[in-house]
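In the UniProt record's numbering, the protein residues as written are 1 to 673. Glycine residues also receive a C-beta, built at the ideal position from the N, C-alpha and C atoms.
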Amino acid sequence: MGCTGTKHLFMKKECKALQKKDVMGSAERAMKAALLIQRWYRRYLARQEIRKRCSWNIFQSLEYAGEQDQMKLQNFFHDLLTHLSNVKPSVAAAISNSPAASLRGLEPLPKDQLRLAAAEAELYRNTDPAEIFVEETYRGAELIPPFNTEHVNRLIQSFKERRTLHAKYVLTVIHEARHYLKHLPNISVASTAFAKQITVVGDLHGKLDDLLTVFYKNGLPSKDNPYVFNGDFVDRGIHSVEVLMLLLLCMLVWKDSVFLNRGNHEDFNVNLRYGFLKEIMYKYTRQAPKIIQATEDLYSWLPFATLIDNKIFVVHGGVSSTTDLKTIAAIDRHQFATVLQPPGQHSNYTYKEWRQVVDLLWSDPRSLNGCQPNNMRGGGSFFGPDVTEAFLKKYDLSLIIRSHECKVDGYEFTHNKKVLTMFSASNYYDVGSNRGAYVRLDGPTLNPHIVMYVSTAQTRKATIQQRSGLMEHSALRELKHHIFACQSLLKKEFLLIDPSNSGTVKISDWCNIMERTVGLKVTWRMLCPKIAQVDHQKGLVHYESTFDEYYMTNALAQNGPSFLESLYRNKEALETIFRIMDKDGSGLISMQEFQDACDLLGQHAEQPMSKDQIEQLAKSIDINKDGFIDFNEFLEAFRLADKTPSLEEKSPEQEDYATFDQNLDQDVEITRL
């Protein structure tokens with residue numbers, strides 16, 4: 001009996017021990033599983049982050065390449081005009097005295113006070129809103145001074161309903177804003193003594209939904225809710241007119257509570273390339289030249305920066321080692337209709353003043369000490385932490401808030417948290433590319449509180465993988481457009497290192513050729529499998545597959561670059577040249593405008609054309625014989641000039657291609673296999 005009880009007790013203890021062991025084993029397995037899942041998830045996030053950064057690198061490289069091209073094109077025409085002023089002053093005067101002279105990047109003639117008054121009277125006479133009739137069918141907002149909060153609410157509602165503001169009211173707002181801005185200093189002074197807070201908004205770039213999101217989250221401006229909008233209101237987005245009108249109206253209603261800084265895109269020489277000019281012409285057609293002329297003058301009255309409580313300096317681009325606030329405060333900013341060119345012999349400002357303004361609007365911070373020219377953008381400076389520290393110490397400031405650069409999360413602290421970059425246009429490069437953000441400075445210490453957002457439901461609801469996929473797809477699409485533009489050059493380079501015509505090259509050679517020929521410093525080795533077929537075992541790339549995924553709807557030339565390739569490489573430059581020649585902004589080049597442009601270009605040609613030759617050329621380009629050259633005819637002339645001898649005998653498909661019609665607002669059609 002006792003033995004039986006002892007045995008039973010022993011078995012009971014053994015069972016409990018086994019149960020305890022099983023329990024411990026389950027816990028251990030669960031822990032190991034959790035650690036494994038965590039490790040997998042970290043790897044997954046790391047892969048998504050790499051994809052995102054790779055796509056980001058593509059977008060930024062393309063953006064900076066475009067800005068460099070714009071600077072080069074602007075400098076080219078500036079040099080031409082400078083040369084022409086010395087050789088043939090009559091032609092230079094004809095161009096410079098056009099209503100849109102400074103819009104074309106040409107230097108204004110010297111102006112005294114009497115001429116300034118005369119210029120102001122002429123501007124108002126040319127752009128008087130009273131001369132514009134409002135049709136009975138118009139259903140948009142009506143903006144008649146004096147403006148109040150109700151006007152702002154009506155305008156917002158009208159824009160939500162996608163109604164275009166009438167040209168009469170656009171000009172009314174612009175002129176009211178011009179008169180107000182004229183009396184402001186170059187550096188605005190904002191105070192939080194009453195409101196105890198202030199909000200700073202970065203680049204909006206025509207993204208109306210982002211501006212409305214900011215107002216929804218943070219409230220409309222008021223005495224209790226002041227704002228600083230830090231430049232780049234227009235370009236790239238399709239609602240630049242709406243964004244600019246809403247900001248100007250808010251400034252006029254709450255004059256002591258809304259501050260607008262000038263950005264590098266508040267410059268019509270930049271607008272020529274990045275879309276705002278095209279948007280105005282599309283929305284306002286006949287009244288577009290008036291709006292363009294008035295808006296250009298408006299830009300020149302925008303202050304350069306805002307100083308908050310003598311503690312925080314808000315500027316669009318940044319500073320440099322030579323930035324001097326006293327010099328900036330004394331500049332006649334109205335002379336800077338454009339900042340893309342240095343002063344010439346007839347300019348009313350010095351090189352030192354021009355350099356100060358360019359650095360404010362175009363500079364970027366970097367991690368290295370010192371100050372260097374910003375070659376990536378083609379203008380401004382790269383300023384290091386030591387430059388920031390010296391500037392803040394010199395003027396007893398605590399922080400620089402700037403914009404100018406798109407950031408993944410809409411903001412970024414650099415230089416030991418002494419520089420804060422704010423970017424408020426979400427989905428800037430494409431859907432899913434980035435968040436927008438604004439910063440609210442609270443309390444007597446102006447403590448920054450950053451709010452991030454995405455203005456489209458599509459990206460708000462997307463998973464991490466979906467967002468990365470959208471961004472990567474968009475980046476690769478843009479990159480492949482640039483690759484296609486260099487197709488013939490790339491094939492020539494590949495054949496040089498593949499004399500046996502095997503169709504393969506080493507991965508390293510493929511990367512070097514792509515970077516050298518396409519001209520973009522992106523992560524080509526990582527991108528290689530996504531662009532071309534790779535034999536990883538042999539380390540070879542089938543370079544012909546680089547061009548397989550996309551094909552043109554029309555046959556390409558087999559020898560030498562085709563028209564479409566040339567068009568892809570030069571489309572933005574051609575569009576900019578067209579708008580430079582179109583001095584009155586009508587969307588058409590008149591015979592006289594064409595004559596002036598040819599005279600200008602002829603001064604640098606080895607064999608300049610005679611007047612009769614220019615007239616014959618203009619008539620040959622004017623296909624429909626209406627006396628004007630539109631953009632389609634301009635591109636057709638480029639096509640004919642770009643033809644190579646190998647295209648003299650064309651196939652039926654190439655004959656069809658000769659009738660290709662390039663619309664003003666369309667890219668060349670690409671079909672995906």
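(request) Quick one: residues in its chain with C-beta nearer than 8 Å to the C-beta of Val357, no 5 flanking neighbours on either side, listed in chain order? (result) The residue you call residue 357 lines up with position 357 of the sequence shown. If we look at Val357 and ignore the five residues flanking it on each side, its Cβ neighbours are Phe304, Ile328, Ile331, Arg333, Phe336, Val339.
(request) Thinking Val419 and Thr388 are a contact (beta carbons under 8 Å), I'd like their distance in whole angstroms, please. (result) For this step, residue 419 is matched to residue 419 along the sequence shown. For this step, residue 388 is matched to residue 388 along the sequence shown. Their Cβ separation, rounded to whole angstroms, is 6 Å, which keeps Val419 and Thr388 in contact under 8 Å.
(request) Determine, using beta carbons only, whether Asn365 and Tyr351 come nearer to each other than 8 Å. (result) Stepping through the sequence shown from its first residue, residue 365 is reached at position 365. Stepping through the sequence shown from its first residue, residue 351 is reached at position 351. According to the sequence shown, residue 365 is Pro rather than Asn. Going by C-beta atoms, Pro365 is not nearer than 8 Å to Tyr351.
(request) Verify whether the separation of the beta carbon atoms of Lys182 and Trp301 is less than 8 Å. (result) One-based indexing of the sequence shown puts residue 182 at position 182. One-based indexing of the sequence shown puts residue 301 at position 301. For Lys182 and Trp301, yes; Cβs fall inside 8 Å.
(message) Just to confirm the assignment, what range does the alpha helix (DSSP H) spanning Cys528 have?
(response) Mapped onto the sequence shown, residue 528 falls at position 528. That run of the alpha helix (DSSP H) goes 524-531.
(request) Consult DSSP for Ala557 and reduce its assignment to one of helix, strand or coil. (result) Residue 557 sits at position 557 when you count from the first residue of the sequence shown. In this prediction, Ala557 has a pLDDT of 39, which is less than 50 and means its spatial position is unreliable; nothing more can be read from the coordinates.
(request) Rank His536, Ala390, Ala288, Ser257 by C-alpha distance to the C-alpha of Thr322 and give the top, closest one. (result) Position 322 of the sequence shown, counted from the first residue, corresponds to residue 322. Minimum Cα distance to Thr322 is reached at Ala390.
(message) Do Leu155 and Gln293 count as a contact pair if the criterion is CB distance below 8 Å?
(response) Reading the sequence shown from its first residue, position 293 is the one you call residue 293. Reading the sequence shown from its first residue, position 155 is the one you call residue 155. Cβ distance not < 8 Å, so Gln293 and Leu155 don't count as in contact.
(message) Can you look up Ala437 in the DSSP assignment and give me helix, strand or coil?
(response) Here residue 437 refers to the residue found at position 437 when the sequence shown is read from its first residue. In this structure, Ala437 counts as strand in the three-state DSSP scheme.
(request) Under 7 Å Cβ to Cβ from Pro448, same chain only, skipping five residues before and after it: list those, please. (result) Working through the sequence shown from its first residue, we reach residue 448 at position 448. Here the set comprises Leu420, Val439, Leu441.
(message) Could you pull the DSSP bridge partners for Lys168 from this structure?
(response) Along the sequence shown, one-based indexing puts residue 168 at 168. Paired residue(s): none; Lys168 is not in a bridge.
(request) May I ask you to report which of helix, strand or coil DSSP gives Cys511? (result) Counting from one through the sequence shown, the residue named residue 511 turns up at place 511. The answer is helix: DSSP assigns Cys511 an H, G or I state.
(request) Output the distance between the C-alpha atoms of Tyr428 and His205, rounded to the nearest integer angstrom. (result) Residue mapping note: residue 428 aligns to position 428 of the sequence shown, counting from 1. Residue mapping note: residue 205 aligns to position 205 of the sequence shown, counting from 1. Rounded to the nearest angstrom, the two C-alpha atoms are 8 Å apart.
(request) Take the Cβ of Lys278 as the centre, count every other Cβ of all protein chains shown within 10 Å, and call the residue buried at 16 or more, exposed below. (result) For the purposes of this step, residue 278 is identified with residue 278 of the sequence shown, where counting begins at 1. It counts as buried.
(request) Can you tell me which of the three DSSP states Phe382 falls into? (result) On the sequence shown, position 382 is the one that residue 382 refers to. Three-state DSSP puts Phe382 in a strand.
(message) Taking the straight line between their C-alpha atoms, what separation do you get for Lys326 and Val170?
(response) Here residue 326 refers to the residue found at position 326 when the sequence shown is read from its first residue. Here residue 170 refers to the residue found at position 170 when the sequence shown is read from its first residue. Near 35 Å, if we compare the C-alpha coordinates of Val170 and Lys326.
(message) For Cys54, list the residues DSSP reports as bridge partners.
(response) Reading the sequence shown from its first residue, position 54 is the one you call residue 54. Cys54 pairs with nothing; no bridge assigned.
(request) Thinking Arg402 and His316 are a contact (beta carbons under 8 Å), I'd like their distance in whole angstroms, please. (result) Working through the sequence shown from its first residue, we reach residue 402 at position 402. Working through the sequence shown from its first residue, we reach residue 316 at position 316. Going by Cβ atoms, the distance from Arg402 to His316 rounds to 6 Å, so yes, they are a contact pair.
(request) Mind checking which residues open and close the beta strand (DSSP E) that includes Cys371? (result) Within the sequence shown, residue 371 is the residue found at index 371, counting from 1. Unbroken beta strand (DSSP E) run through Cys371: 371-373.
(message) I believe Asp128 touches Ser455 by the beta-carbon criterion, under 8 Å. Please report the beta-carbon distance rounded to the nearest angstrom.
(response) If you number the sequence shown from 1, residue 128 lands on position 128. If you number the sequence shown from 1, residue 455 lands on position 455. At roughly 36 Å, the Cβ-Cβ gap does not stay under 8 Å, so Asp128 and Ser455 are not in contact.
(message) So the candidates are Ser26, Lys538, Phe259; which of them puts its Cα closest to the Cα of residue 676?
(response) No information on residue 676 is available, as it lies outside the stretch 1 to 673 that the chain covers here.
(message) For a quick check, are the C-beta atoms of Val522 and Ile198 less than 8 Å apart?
(response) Here residue 522 refers to the residue found at position 522 when the sequence shown is read from its first residue. Here residue 198 refers to the residue found at position 198 when the sequence shown is read from its first residue. No, they are not a contact pair.
(request) Taking Glu296 as the reference, give the member of Leu272, Thr306, Lys311 with the closest Cα. (result) Mapped onto the sequence shown, residue 296 falls at position 296. When C-alpha distances from Glu296 are compared across Leu272, Thr306, Lys311, the shortest belongs to Leu272.
(request) Following the continuous beta strand (DSSP E) through Met376, name the residue where it begins and the one where it ends. (result) Counting from 1 along the sequence shown, the entry for residue 376 is found at position 376. Element bounds for Met376: n/a, residue is neither H nor E.
(request) Find the nearest neighbour of Leu540 within the set Ser610, Ala425, Ile531, Asp509, judged by alpha-carbon distance. (result) In the sequence shown, the residue the question calls residue 540 occupies position 540. For the residues Ser610, Ala425, Ile531, Asp509, the minimum Cα distance to Leu540 belongs to Asp509.
(message) With a threshold of 8 Å, are at least 3 pairs of Cβ atoms found where one atom belongs to the segment 483-491 and the other to the segment 514-528?
(response) yes
(request) Using the Cα positions of Pro226 and Ile187, report the straight-line distance between them to the nearest angstrom. (result) The residue you call residue 226 lines up with position 226 of the sequence shown. The residue you call residue 187 lines up with position 187 of the sequence shown. One C-alpha to the other measures close to 17 Å.
(request) May I ask you to report which of helix, strand or coil DSSP gives Glu412? (result) Locating residue 412 in the sequence shown gives position 412, where the first residue counts as 1. Residue state, collapsed to three classes: strand.
(request) Let me know if Ala190 comes out buried or exposed under the rule of 16 or more other beta-carbons within 10 Å of its beta-carbon. (result) Taking the sequence shown and counting its residues from 1, one reaches residue 190 at position 190. Buried, by the Cβ-count rule.
(message) List, from N- to C-terminal side, the alpha helix (DSSP H) runs of 4 residues or more that fit wholly inside the segment 125-161.
(response) 149-160
(request) Taking the CB atoms as reference points, tell me whether Asp232 and Gly263 lie closer together than 8 Å. (result) Here residue 232 refers to the residue found at position 232 when the sequence shown is read from its first residue. Here residue 263 refers to the residue found at position 263 when the sequence shown is read from its first residue. Yes, they are a contact pair.
(request) Classify Arg236 as buried or exposed, calling it buried when 16 or more other Cβ atoms lie within 10 Å of its own Cβ. (result) Translated into positions along the sequence shown, residue 236 becomes position 236. Arg236 comes out buried.
(request) Flag this pair as yes or no: are the beta carbons of Val149 and Val234 separated by less than 8 Å? (result) Numbered from its first residue, the sequence shown carries residue 149 at position 149. Numbered from its first residue, the sequence shown carries residue 234 at position 234. Correcting the residue identity first, residue 149 is Thr in this sequence and not Val. No; because the gap between Cβ atoms is not below 8 Å, this pair is not in contact.
(message) If I follow the unbroken alpha helix (DSSP H) through Phe268, where does it start and stop?
(response) The residue given as residue 268 occupies position 268 in the sequence shown. Phe268 -> alpha helix (DSSP H) spans 268-274.
(message) Would Asn261 and Val201 be called neighbours here (beta carbons separated by less than 8 Å)?
(response) Taking the first residue of the sequence shown as 1, we reach residue 261 at position 261. Taking the first residue of the sequence shown as 1, we reach residue 201 at position 201. Annotated as distal: Asn261 and Val201, with beta-carbon spacing of 8 Å or more.
(request) Given a cut-off of 8 Å, decide if Gly378 and Leu361 are closer than it, judged by their beta-carbon atoms. (result) Counting from one through the sequence shown, the residue named residue 361 turns up at place 361. Counting from one through the sequence shown, the residue named residue 378 turns up at place 378. Contact: no.
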